[in-house]
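Listed in order, the protein sequences are those of chains A and B.
According to the working numbering, the residues represented by the first sequence are 2 to 209, in order.
According to the working numbering, the residues represented by the second sequence are 2 to 209, in order.
A virtual CB, placed ideally from N, CA and C, is assigned to each residue, including glycine.
Below is one structure, written out as structure tokens; the observations come after it.
Number of protein chains: 2
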Amino acid sequence: MSKGATTRQAILSHALGLATKIGFEGLTIGRLAEDLGMSKSGLFAHFGSKETLQVEALRMAAERFIDTVTKPALVAPRGERRVRALFERWFAWEQSPPLPGGCPFTAAAFELDDRPGPVRDFLVQTEQDWTDVLINVARTAVHEGHFRADLDCEQFAHNLRGIMLAYCHASRLMKDPKARARAEIAFEALVRAAHNPSAVAKASARRR
Amino acid sequence: MSKGATTRQAILSHALGLATKIGFEGLTIGRLAEDLGMSKSGLFAHFGSKETLQVEALRMAAERFIDTVTKPALVAPRGERRVRALFERWFAWEQSPPLPGGCPFTAAAFELDDRPGPVRDFLVQTEQDWTDVLINVARTAVHEGHFRADLDCEQFAHNLRGIMLAYCHASRLMKDPKARARAEIAFEALVRAAHNPSAVAKASARRR
DNA sequence: GACACGATCGAACGATCGTACTATTATCAC
DNA sequence: GTGATAATAGTACGATCGTTCGATCGTGTC
């Protein structure tokens with residue numbers, strides 16, 4: 002890797018970690034330059050605009066997410082086991098040392114939801130990709146016969162995200178030591194509900 | 002109300018609405034002054050520091066939250082009905098016109114979770130109060146016999162928050178038109194699980 | 001060893017930040 | 001109405017913001 006690319010990676014890595022603590026809008030060229038012991042203009046030259054830097058930091062986060070969460074989960078067997086692997090790997094991501102403030106996507110999601118622009122657009126795409134992964138892995142679990150056939154997989158993914166968000170809230174803001182345990186309990190309830198015939202299915206079965 | 006108090010309320014009201022869109026850290030004295038047609042120094046004199054303004058804006062939000070959500074829900078009968086009322090009122094809060102960017106507590110929660118100080122402290126207290134309301138109303142539903150006796154009410158409140166956070170994410174960031182419907186489905190599943198004997202209880206019952 | 005070129009620096013730009021002062025204006029009790 | 005006091009304006013401060021520009025540095029090539 003060339004000298005410039007190395008520096009660029011170092012900048013983005015530091016920016017990403019910092020953004021988890023002070024937000025993506027809170028990033029400043031001056032602060033980054035000082036932290037990395039280089040000049041504002043030297044750092045700035047790598048990106049041409051702060052907005053580009055923000056997008057590139059998010060892009061690095063997306064790449065790391067795949068390496069930390071998605072890919073490792075693929076070693077688990079298809080179906081429920083892989084759903085569990087994704088859930089477990091996500092905690093490793095959220096608590097990884099390079100992200101001292103937690104998941105950057107979660108932070109960005111509530112920071113940028115009302116600020117149109119390329120940064121928000123990229124974030125939405127990344128979040129949609131992650132949702133699609135969850136939906137697909139749930140679908141596979143249905144096909145494998147682990148989850149019930151009439152499971153609403155999109156709803157499953159939606160509820161799973163709620164569990165993750167509630168964990169971030171409880172853990173990061175409320176500093177609740179039971180946050181992880183609560184997430185696990187909620188997850189087990191979600192999986193259990195995905196096993197059992199749905200209430201709707203049961204009601205129509207009773208009617209027969 | 003004196004002139005000063007009126008202006009102060011107007012400032013805080015505008016600041017609160019603006020904060021839902023650009024965040025509490027994104028608030029600036031200059032922007033607020035311009036929006037309200039007054040001088041920076043005149044506006045500033047009401048608070049003495051930006052930090053105080055942020056806390057006071059959050060305080061106003063907390064008061065409005067009680068008026069919009071908590072109090073109206075008290076007219077519903079104790080128990081499950083009141084749980085449902087709180088859930089329904091919360092959507093009215095999240096979508097109320099004075100909060101164009103959604104729930105300010107949710108936005109602040111992920112913005113300030115890593116920034117110690119009085120603003121964060123006040124937010125944590127407010128969020129804890131809201132959690133306690135949810136826990137207590139679930140407990141009442143247990144006492145009324147609407148929810149099963151061994152329900153973990155704190156877990157119930159935790160999961161309910163997850164449903165709300167997932168709604169904000171889906172609605173505000175992803176602009177998913179099904180966000181509200183997904184929240185309702187998740188809520189009904191949560192309530193249904195609170196009705197039925199728990200899996201743990203069932204397992205021990207089977208063992209008898 | 002000269003050269004080209006990418007990487008970095010230093011200085012400066014206008015804008016805006018939060019905040020401090022002093023002055024001026026508006027309000028309200030008497 | 002007058003006088004005390006509250007409310008607002010004006011101006012300025014040092015700091016920092018994102019960005020620009022030209023100079024300088026380092027690296028690798030012929």
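Neighbouring residues, chain B, relative to residue i (Cβ below 8 Å)
i        : result
A:Gly-24 : Gly-24, Glu-26 and Glu-112
Under 7 Å from the C-beta of residue i: neighbouring residues of chain B
i         : result
A:Ile-164 : Gly-163
A:Ala-194 : Ala-190
Bounding residues of the alpha helix (DSSP H) (the contiguous stretch that carries residue i)
i         : result
B:Val-192 : 180 to 196
A:Lys-4   : 4 to 23
A:Asp-36  : 30 to 37
B:Ala-58  : 51 to 66
A:Leu-44  : 41 to 45
A:Phe-157 : 154 to 169
Neighbour list for residue i in chain A, Cβ cutoff strictly below 9 Å
i         : result
B:Thr-29  : Simply none; closest approach about 12 Å.
B:Gly-102 : Asp-114 and Asp-115
B:Val-134 : Per Cβ cutoff of 9 Å: no residues; B:Val-134 is ~15 Å from chain A at best.
B:Thr-71  : Under the 9 Å cutoff, chain A gives no residues; its nearest Cβ is about 19 Å from B:Thr-71.
Chain A contact residues for residue i, given Cβ-Cβ distances below 7 Å
i         : result
B:His-170 : Ala-110, Arg-162 and Leu-166
B:Ile-186 : Gln-156
B:Glu-128 : Leu-174 and Met-175
B:Thr-107 : Phe-111
Residues that residue i contacts on chain A, provided the C-beta gap is smaller than 8 Å
i         : result
B:His-159 : Ala-167, Ala-171, Arg-183 and Ala-187
B:Val-143 : By Cβ distance, chain A contributes nothing, its closest Cβ being about 17 Å from B:Val-143, past 8 Å.
Contact set between residue i and chain B, taken where Cβ atoms lie within less than 9 Å
i         : result
A:Val-120 : What A:Val-120 touches in chain B: nothing, since even the nearest Cβ is about 12 Å away.
A:Val-125 : Leu-174, Met-175 and Lys-176
heavy atom of the ligand MG below 7 Å from residue i C-beta
i         : result
B:Glu-145 : Looking for the ligand MG in the displayed structure turns up nothing, as the structure carries no ligands at all.
Problem - Runs of alpha helix (DSSP H) lying entirely within the segment 79 to 136 of chain B, each at least 4 residues, in chain order - result: Those alpha helix (DSSP H) runs which fall completely within the segment 79 to 136 of chain B and span 4+ residues are 81 to 95 and 105 to 112.
Problem - Cβ contact check for the segment 117 to 136 of chain A and the segment 15 to 28 of chain B: 3 or more pairs under 8 Å - result: Judged by Cβ distances under 8 Å, the segment 117 to 136 of chain A makes no contact with the segment 15 to 28 of chain B, as fewer than three pairs qualify.
Problem - Cβ pair count under 8 Å reaching 3, the segment 27 to 42 of chain A against the segment 80 to 97 of chain A - result: At 8 Å Cβ cutoff, the stretches do not touch.
Problem - At least three beta-carbon pairs within less than 8 Å, the segment 144 to 160 of chain A to the segment 59 to 73 of chain A - result: Cβ pair count under 8 Å is below three, so no.
Problem - the segment 165 to 183 of chain A in contact with the segment 98 to 115 of chain B per 3-pair CB rule at 8 Å - result: Output reads yes: the segment 98 to 115 of chain B touches the segment 165 to 183 of chain A.
Practice task
Indicate whether the contact test is met: 3 or more Cβ pairs, each with one atom in the segment 68 to 80 of chain A and one in the segment 130 to 148 of chain A, closer than 8 Å.
Solution key: Touching, per the Cβ criterion.
Handout entry: Segment contact, 8 Å Cβ cut-off, at least three pairs: the segment 2 to 21 of chain A with the segment 91 to 105 of chain A
Key = Yes: the two stretches touch, three or more of their Cβ pairs being nearer than 8 Å.
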